[in-house]
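Asks:
Number of protein chains: 2
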Amino acid sequence: MARATTTRADILDSAVRLFAAHGFRGTSLQDIATDAGCSKASLLYHFTNKDAILTELLAPVGPEFAELEGRLAGLRGEEAARAAVTGLVDLSLRFRLQVKILLQDVDALINRPELPDADHIVERLTEALSGRSDAPEVRVWAWMAMLGIILTSASECVIPEETLRAELTRGALRTLGLPTG
Amino acid sequence: MARATTTRADILDSAVRLFAAHGFRGTSLQDIATDAGCSKASLLYHFTNKDAILTELLAPVGPEFAELEGRLAGLRGEEAARAAVTGLVDLSLRFRLQVKILLQDVDALINRPELPDADHIVERLTEALSGRSDAPEVRVWAWMAMLGIILTSASECVIPEETLRAELTRGALRTLGLPTG
DNA sequence: TCAAATACTGGCCGATCGGTCAGCTATTGT
DNA sequence: ACAATAGCTGACCGATCGGCCAGTATTTGA
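Top line first, the protein sequences correspond to chains A and B. Letter by letter, the first sequence follows residues 1 to 181 of UniProt numbering. Letter by letter, the second sequence follows residues 1 to 181 of UniProt numbering.
#1: By the DSSP assignment, the alpha helix (DSSP H) with ALA15(A) in it spans what residues?
#2: What does the Cβ neighbour count give for ARG82(B), buried or exposed, with the cut at 16 atoms within 10 Å?
#3: For LEU43(A) and HIS22(A), what's the separation of their Cα atoms in angstroms?
#4: Comparing alpha-carbon positions, which option in PHE24(B), ALA33(B) and GLU64(B) lies nearest ASP51(B)?
#5: Three or more C-beta pairs under 8 angstroms: does that hold for the segment 54-73 of chain A against the segment 31-41 of chain A?
#6: Under a Cβ-count criterion, where at least 16 other Cβ atoms within 10 Å of its own Cβ denotes burial, should ALA59(A) be classed as buried or exposed?
#7: Tell me where the alpha helix (DSSP H) around ALA41(A) begins and ends.
#8: Considering only the alpha carbon of each residue, which of ALA73(A), VAL16(A) and ASP10(A) lies closest to ARG94(A)?
#9: Once you ignore the five residues that flank LEU91(B) on each side, which residues in its own chain have a CB closer than 8 angstroms to its CB?
#10: Grab me the residues of HIS46(A)'s own chain with a C-beta within less than 8 angstroms of its C-beta, minus the 5 sequence neighbours each way, in chain order.
#11: For a test of the three-state rule: what should DSSP assign to LEU57(B), helix, strand or coil?
#12: State the start and end residues of the unbroken alpha helix (DSSP H) segment that holds THR34(A).
#13: Suppose you measure from the CA of PHE19(A) to the CA of ALA36(B); what does that come to, to the nearest Å?
#14: Measure the alpha-carbon distance for GLY70(B) versus ASN49(A) and round it to whole angstroms.
#15: Please state whether DSSP places LEU68(A) in a helix, a strand or coil.
#16: Determine the burial state of GLU79(A): buried for a count of at least 16 other Cβ atoms within 10 Å of its Cβ, exposed for fewer.
#17: Between the alpha carbons of SER14(A) and GLY87(A), how many angstroms are there, rounded?
#18: Mapping DSSP to helix, strand and coil, what is LEU91(A)?
#19: According to DSSP, is ARG82(B) helix, strand or coil?
#20: Have a look at GLU127(B) and ARG76(A) and give me their C-alpha separation to the nearest angstrom.
#21: Given this structure, state the Cα-to-Cα distance separating LYS40(A) from CYS38(B), to the nearest angstrom.
#22: When DSSP labels each residue in this structure, what does GLY74(A) get in the three-state scheme?
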């Protein structure tokens with residue numbers, strides 16, 4: 001076997017960063033190839049097509065979620081909520097670039113000059129963020145919120161991993177009304 | 001002036017629906033023209049380019065937000081939070097297709113088979129959704145959450161306007177820990 | 001009645017997209 | 001030493017994209 005000067009791993013590394021930065025549709029095969037230092041044709045030697053690259057990037061997330069669900073299956077109440085927070089923060093940190101991909105196109109649109117800086121209004125909402133709800137909308141709410149945390153943290157990679165993990169866990173627990181132990 | 005058989009309003013109506021359904025990048029000028037029943041060249045007679053269509057669609061949102069901010073400027077505490085909820089729900093309903101545009105690409109990616117159905121995990125998070133935080137992440141959190149509400153409600157347009165408005169307002173107030181009076 | 005202006009269109013353009021293919025190169029096992 | 005093969009590439013393909021333009025039809029005000 002000839003030495004692989006440009007490996008699959010290099011391609012995946014370039015792809016996940018570019019997808020996270022410019023979105024899936026906003027990243028061309030040529031962009032990835034240039035970043036990885038190889039030709040576009042080399043990409044399609046290692047992967048059947050562009051979509052297969054994204055598929056491989058997202059593939060590990062599914063089983064990890066399934067495993068977390070399994071760990072939560074036997075738990076109830078506060079213990080379950082605490083384990084869910086810990087597990088989700090851990091997953092979000094390990095797959096933070098993947099999560100960023102999901103939010104990239106939102107980023108691109110939300111930063112358009114026609115749209116307002118929503119901070120001032122949201123500030124007032126968060127002044128008294130609390131309450132309880134089992135309405136179906138809130139599940140989407142909570143899911144998007146978790147993604148929102150990662151969106152913020154993903155661009156602050158200078159923060160040490162462990163510090164970030166502790167901060168996120170503490171913030172999530174506090175927001176859920178659980179003791180931050 | 002010749003009679004406008006295909007007006008600017010028709011084009012904008014087609015565009016906002018298609019952008020909301022398939023995203024900005026996922027909608028071509030030809031798609032819009034076909035839906036509006038005119039030629040692609042006619043689009044570019046009424047609008048300087050594709051981006052100008054999106055710009056015009058998003059344009060009214062900014063001033064409305066600014067006006068809401070002005071109304072909130074003199075308020076404090078619970079009164080401010082309540083007015084913010086009412087105003088945001090109202091804005092979200094009036095511009096629900098615009099908001100859907102922002103979330104469309106998230107939709108496309110989040111429904112990939114490699115990704116898990118996050119409902120089971122999020123269920124446990126929402127079991128005890130409460131708490132309080134003034135961390136900077138939470139502003140993004142709250143903003144994404146508000147978008148999440150709309151994402152859910154936008155696909156349920158069969159619900160009467162007033163019912164939806166009341167439900168959203170009540171849910172938001174309850175989640176903020178304010179009396180739903 | 002008739003130029004002027006508006007509304008609109010088919011056809012075309014260059015650029016870029018994802019993807020294919022024949023062939024080159026370097027390393028491998030024998 | 002030498003096929004075999006993995007890794008990689010330049011060149012090219014058809015499709016599609018946003019955008020341009022000359023030209024046509026319709027309605028207008030004078």
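The beta carbon of each residue, even a glycine, is placed where N, CA and C say it ideally should be.
Replies: With the given structure in hand:
#1: 8-22
#2: buried
#3: 19 angstroms
#4: PHE24(B)
#5: no
#6: exposed
#7: 40-46
#8: VAL16(A)
#9: VAL61, GLU64, PHE65 and LEU68
#10: ARG8 and ILE11
#11: helix
#12: 29-36
#13: 32 angstroms
#14: 51 angstroms
#15: helix
#16: exposed
#17: 27 angstroms
#18: helix
#19: helix
#20: Per-residue confidence for GLU127(B) stands at a pLDDT of 36, beneath the threshold of 50, marking its modelled position as unreliable; the derived number appears in the next sentence. Rounded to whole angstroms, GLU127(B) to ARG76(A) spans 10 angstroms at the Cα level.
#21: 38 angstroms
#22: coil
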